[in-house]
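Counting in the working numbering, the sequence shown runs from 35 upward without gaps.
The beta carbon of each residue, even a glycine, is placed where N, CA and C say it ideally should be.
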Amino acid sequence: MSEVRLSAESRTEFGKGGARRTRRAGKIPAVIYGHGEEPRHVSLPAREFTSAVRNGGVNVLLTLDLDGTEQLAIPKAIQRHALKGTYDHVDLLAVRRGEKVTIDVPIQIVGDVVAGGLLAQDANSVSVEAEATHLPSEVEVSIDGLAIGSHISAGDLKLASGVTLITDPATLILVINDQAAAAAASDADLEAADEAAAEANADAAPAAEEAAPAAEEAAAE
(Lines of atoms letter the chains of each structure in order from A and count residues from 1; the text may use other names and numbers.)
(Lines give C-alpha, C1' and ligand atoms only; values in the text may rest on other atoms or scores of the structure.)
Protein backbone atom coordinates (compact mmCIF):
# COMPACT_ATOMS: atom_id res chain seq x y z
CA MET A 1 0.00 0.00 0.00
CA SER A 2 1.02 3.62 -0.41
CA GLU A 3 2.47 5.63 2.47
CA VAL A 4 2.43 9.42 2.30
CA ARG A 5 3.98 11.97 4.62
CA LEU A 6 1.93 15.09 5.39
CA SER A 7 2.46 18.09 7.64
CA ALA A 8 -0.46 18.41 10.05
CA GLU A 9 -1.22 21.28 12.38
CA SER A 10 -3.15 21.30 15.65
CA ARG A 11 -6.46 23.19 15.52
CA THR A 12 -7.73 25.43 18.27
CA GLU A 13 -10.82 26.70 16.43
CA PHE A 14 -13.82 24.39 16.34
CA GLY A 15 -17.37 24.53 15.03
CA LYS A 16 -18.63 25.55 11.61
CA GLY A 17 -16.95 28.96 11.65
CA GLY A 18 -13.56 27.53 12.50
CA ALA A 19 -13.95 24.79 9.89
CA ARG A 20 -14.78 27.34 7.19
CA ARG A 21 -11.74 29.43 8.05
CA THR A 22 -9.56 26.30 7.94
CA ARG A 23 -10.85 25.42 4.46
CA ARG A 24 -10.39 28.99 3.22
CA ALA A 25 -6.74 28.68 4.25
CA GLY A 26 -6.34 25.70 1.92
CA LYS A 27 -6.54 23.09 4.66
CA ILE A 28 -8.95 20.32 5.65
CA PRO A 29 -10.34 20.02 9.19
CA ALA A 30 -9.62 16.58 10.60
CA VAL A 31 -9.85 14.63 13.87
CA ILE A 32 -7.51 11.80 14.93
CA TYR A 33 -9.09 9.01 17.01
CA GLY A 34 -7.80 5.77 18.43
CA HIS A 35 -5.79 3.90 21.07
CA GLY A 36 -8.04 5.18 23.85
CA GLU A 37 -6.63 8.69 23.64
CA GLU A 38 -8.54 11.97 23.51
CA PRO A 39 -9.46 12.98 19.95
CA ARG A 40 -6.99 15.44 18.43
CA HIS A 41 -8.27 18.21 16.19
CA VAL A 42 -5.86 18.91 13.34
CA SER A 43 -5.77 20.41 9.86
CA LEU A 44 -4.30 18.76 6.76
CA PRO A 45 -2.98 20.43 3.60
CA ALA A 46 -5.87 20.09 1.15
CA ARG A 47 -3.84 19.72 -2.04
CA GLU A 48 -1.46 17.12 -0.61
CA PHE A 49 -4.24 15.10 1.03
CA THR A 50 -6.28 15.09 -2.19
CA SER A 51 -3.24 13.84 -4.10
CA ALA A 52 -2.59 11.15 -1.48
CA VAL A 53 -6.13 9.75 -1.77
CA ARG A 54 -6.12 10.01 -5.56
CA ASN A 55 -2.89 8.05 -5.89
CA GLY A 56 -3.07 5.78 -2.85
CA GLY A 57 -6.79 5.14 -2.46
CA VAL A 58 -9.12 5.83 0.45
CA ASN A 59 -7.08 3.57 2.74
CA VAL A 60 -3.79 5.35 2.14
CA LEU A 61 -1.39 5.21 5.09
CA LEU A 62 -0.44 8.69 6.29
CA THR A 63 2.62 9.65 8.29
CA LEU A 64 1.66 12.92 9.93
CA ASP A 65 4.31 15.37 11.11
CA LEU A 66 2.44 16.85 14.06
CA ASP A 67 3.87 19.08 16.79
CA GLY A 68 7.35 17.65 16.40
CA THR A 69 6.21 14.03 16.46
CA GLU A 70 5.14 11.45 13.89
CA GLN A 71 1.70 9.82 13.88
CA LEU A 72 0.61 7.01 11.59
CA ALA A 73 -3.05 7.23 10.57
CA ILE A 74 -5.50 6.07 7.93
CA PRO A 75 -8.67 7.84 6.73
CA LYS A 76 -11.70 6.31 8.42
CA ALA A 77 -14.45 8.65 7.22
CA ILE A 78 -14.24 11.33 4.55
CA GLN A 79 -16.84 14.04 3.97
CA ARG A 80 -16.90 15.65 0.54
CA HIS A 81 -18.69 18.74 -0.77
CA ALA A 82 -21.78 17.58 -2.66
CA LEU A 83 -21.19 19.88 -5.65
CA LYS A 84 -17.49 20.76 -5.66
CA GLY A 85 -16.22 17.31 -4.74
CA THR A 86 -13.63 18.86 -2.42
CA TYR A 87 -12.88 17.37 1.00
CA ASP A 88 -14.77 19.05 3.85
CA HIS A 89 -13.69 16.93 6.81
CA VAL A 90 -11.70 13.79 7.57
CA ASP A 91 -11.82 11.36 10.48
CA LEU A 92 -8.46 9.64 10.91
CA LEU A 93 -7.74 6.42 12.77
CA ALA A 94 -4.42 6.38 14.62
CA VAL A 95 -2.51 3.15 13.93
CA ARG A 96 0.82 1.55 14.82
CA ARG A 97 3.13 -0.59 12.73
CA GLY A 98 2.30 -4.25 13.28
CA GLU A 99 -1.22 -3.43 14.48
CA LYS A 100 -4.15 -5.09 12.70
CA VAL A 101 -7.12 -2.94 11.73
CA THR A 102 -10.45 -3.52 10.01
CA ILE A 103 -11.28 -1.43 6.96
CA ASP A 104 -13.73 -1.35 4.06
CA VAL A 105 -12.02 -1.97 0.74
CA PRO A 106 -13.61 -1.00 -2.60
CA ILE A 107 -14.21 -3.71 -5.21
CA GLN A 108 -12.70 -3.10 -8.64
CA ILE A 109 -14.32 -5.14 -11.42
CA VAL A 110 -12.14 -5.85 -14.46
CA GLY A 111 -12.75 -7.74 -17.70
CA ASP A 112 -15.64 -7.97 -20.13
CA VAL A 113 -19.09 -9.46 -19.71
CA VAL A 114 -19.79 -12.51 -21.86
CA ALA A 115 -21.92 -11.87 -24.97
CA GLY A 116 -25.60 -11.77 -24.03
CA GLY A 117 -24.78 -11.29 -20.36
CA LEU A 118 -25.62 -8.40 -18.05
CA LEU A 119 -23.50 -7.57 -15.02
CA ALA A 120 -25.39 -6.91 -11.78
CA GLN A 121 -23.16 -5.76 -8.93
CA ASP A 122 -24.62 -6.23 -5.45
CA ALA A 123 -21.75 -4.98 -3.26
CA ASN A 124 -19.24 -2.20 -3.86
CA SER A 125 -16.89 -3.00 -0.97
CA VAL A 126 -15.98 -5.65 1.59
CA SER A 127 -14.60 -5.45 5.12
CA VAL A 128 -11.18 -6.97 5.72
CA GLU A 129 -8.60 -7.11 8.48
CA ALA A 130 -4.93 -6.50 7.76
CA GLU A 131 -1.75 -5.10 9.24
CA ALA A 132 -1.91 -1.30 9.30
CA THR A 133 1.05 -0.82 6.96
CA HIS A 134 -0.15 -3.44 4.46
CA LEU A 135 -3.74 -2.44 3.80
CA PRO A 136 -5.13 -3.20 0.34
CA SER A 137 -6.32 -0.21 -1.65
CA GLU A 138 -8.87 -2.33 -3.53
CA VAL A 139 -9.94 -5.90 -4.26
CA GLU A 140 -9.84 -6.78 -7.94
CA VAL A 141 -12.51 -9.09 -9.37
CA SER A 142 -12.24 -10.41 -12.92
CA ILE A 143 -15.41 -11.29 -14.82
CA ASP A 144 -13.58 -12.58 -17.89
CA GLY A 145 -14.92 -16.01 -18.83
CA LEU A 146 -17.86 -15.95 -16.42
CA ALA A 147 -20.87 -17.63 -18.02
CA ILE A 148 -24.44 -16.37 -17.78
CA GLY A 149 -25.82 -17.41 -14.41
CA SER A 150 -22.43 -17.27 -12.71
CA HIS A 151 -22.04 -15.37 -9.46
CA ILE A 152 -19.23 -14.32 -7.14
CA SER A 153 -19.62 -14.13 -3.38
CA ALA A 154 -17.31 -12.51 -0.83
CA GLY A 155 -15.82 -15.89 -0.02
CA ASP A 156 -14.68 -16.26 -3.65
CA LEU A 157 -12.52 -13.13 -3.54
CA LYS A 158 -8.77 -13.55 -3.85
CA LEU A 159 -7.15 -11.59 -1.04
CA ALA A 160 -3.49 -10.85 -0.58
CA SER A 161 -1.45 -12.76 1.98
CA GLY A 162 -2.09 -11.44 5.48
CA VAL A 163 -5.54 -10.05 4.61
CA THR A 164 -8.53 -11.70 6.31
CA LEU A 165 -12.12 -11.36 5.11
CA ILE A 166 -14.49 -9.94 7.75
CA THR A 167 -17.60 -9.64 5.56
CA ASP A 168 -19.88 -12.70 5.59
CA PRO A 169 -18.44 -15.06 2.93
CA ALA A 170 -21.96 -15.68 1.61
CA THR A 171 -22.47 -12.00 0.73
CA LEU A 172 -23.24 -11.69 -2.98
CA ILE A 173 -20.80 -9.49 -4.86
CA LEU A 174 -22.01 -9.84 -8.44
CA VAL A 175 -24.00 -12.03 -10.80
CA ILE A 176 -24.04 -12.36 -14.59
CA ASN A 177 -27.66 -12.25 -15.70
CA ASP A 178 -29.16 -13.14 -19.06
CA GLN A 179 -29.57 -9.79 -20.83
CA ALA A 180 -32.71 -10.80 -22.75
CA ALA A 181 -34.37 -12.28 -19.66
CA ALA A 182 -33.49 -9.18 -17.61
CA ALA A 183 -34.99 -6.90 -20.27
CA ALA A 184 -38.19 -9.00 -20.40
CA ALA A 185 -38.49 -8.92 -16.60
CA SER A 186 -38.04 -5.15 -16.61
CA ASP A 187 -40.79 -4.73 -19.21
CA ALA A 188 -43.09 -7.00 -17.20
CA ASP A 189 -42.47 -4.95 -14.06
CA LEU A 190 -43.32 -1.74 -15.92
CA GLU A 191 -46.55 -3.23 -17.27
CA ALA A 192 -47.55 -4.44 -13.81
CA ALA A 193 -46.87 -1.00 -12.35
CA ASP A 194 -48.97 0.66 -15.08
CA GLU A 195 -51.86 -1.76 -14.46
CA ALA A 196 -51.72 -1.16 -10.70
CA ALA A 197 -51.76 2.61 -11.23
CA ALA A 198 -54.71 2.34 -13.61
CA GLU A 199 -56.69 0.22 -11.13
CA ALA A 200 -55.96 2.66 -8.32
CA ASN A 201 -57.18 5.58 -10.44
CA ALA A 202 -60.32 3.65 -11.40
CA ASP A 203 -61.10 2.89 -7.74
CA ALA A 204 -60.51 6.50 -6.73
CA ALA A 205 -62.83 8.03 -9.35
CA PRO A 206 -66.22 6.82 -7.88
CA ALA A 207 -65.15 7.85 -4.38
CA ALA A 208 -64.34 11.31 -5.65
CA GLU A 209 -67.72 11.56 -7.38
CA GLU A 210 -69.54 10.52 -4.18
CA ALA A 211 -67.60 13.02 -2.10
CA ALA A 212 -68.35 15.96 -4.41
CA PRO A 213 -72.10 16.35 -3.56
CA ALA A 214 -71.36 16.07 0.16
CA ALA A 215 -68.79 18.82 -0.13
CA GLU A 216 -71.23 21.00 -2.04
CA GLU A 217 -73.92 20.48 0.68
CA ALA A 218 -71.46 21.32 3.42
CA ALA A 219 -70.46 24.48 1.59
CA ALA A 220 -74.10 25.47 1.16
CA GLU A 221 -74.79 25.08 4.88
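| message | Taking 7 Å as the limit between beta carbons, can you name the residues of its chain near S176, skipping five residues before and five after? | response | V144, G145
| How about G78 and K50: do their beta carbons lie closer than 8 Å? | Here the sequence assigns Leu to residue 78, which means Gly is not the residue at that position. Not a contact, by the Cβ cut-off of 8 Å.
| query | Count the other CB atoms within 10 Å of the CB of G132; is the residue buried (16 or more) or exposed (fewer)? | reply | exposed
| query | Hey, quick one: how far does the beta strand (DSSP E) through D162 stretch, first residue to last? | reply | Per the sequence presented here, residue 162 reads as Val, with Asp not at that position. It spans 159-165 - the beta strand (DSSP E) in which V162 sits, taken as one unbroken run.
| field | Through-space distance from A149 to A216, alpha-carbon basis | value | 14 Å
| query | alpha helix (DSSP H) containing K118: first to last residue? | reply | Note, K118: premise wrong, no alpha helix (DSSP H); not H, not E.
| request: Please find out if some non-hydrogen atom of the ligand FMN comes closer than 7 Å to the beta-carbon of P73. | output: This structure does not include the ligand FMN; it has no bound ligands of any sort.
| field | C-alpha distance - P63 paired with I207, whole-angstrom precision | value | 34 Å
| task | Taking A111 as the reference, give the member of V124, Q105, G119 with the closest Cα. | result | V124
| Once you ignore the five residues that flank Q155 on each side, which residues in its own chain have a CB closer than 6 Å to its CB? | L208
| Which full runs of the beta strand (DSSP E) of 3+ residues lie inside the region 165-222, going along the chain? | 173-176, 185-187, 206-212
| Which same chain residues, not among the five before or five after S184, have their C-beta less than 6 Å away from its C-beta? | I210
| field | Beta-carbon spacing of D99, S41 below 8 Å | value | yes
| Minimum C-alpha distance to A166 - residue among S44, N89, L126, G52 | L126
| Nearest to E174 (by Cα), restricted to the options R130, Q142, S85 | Q142
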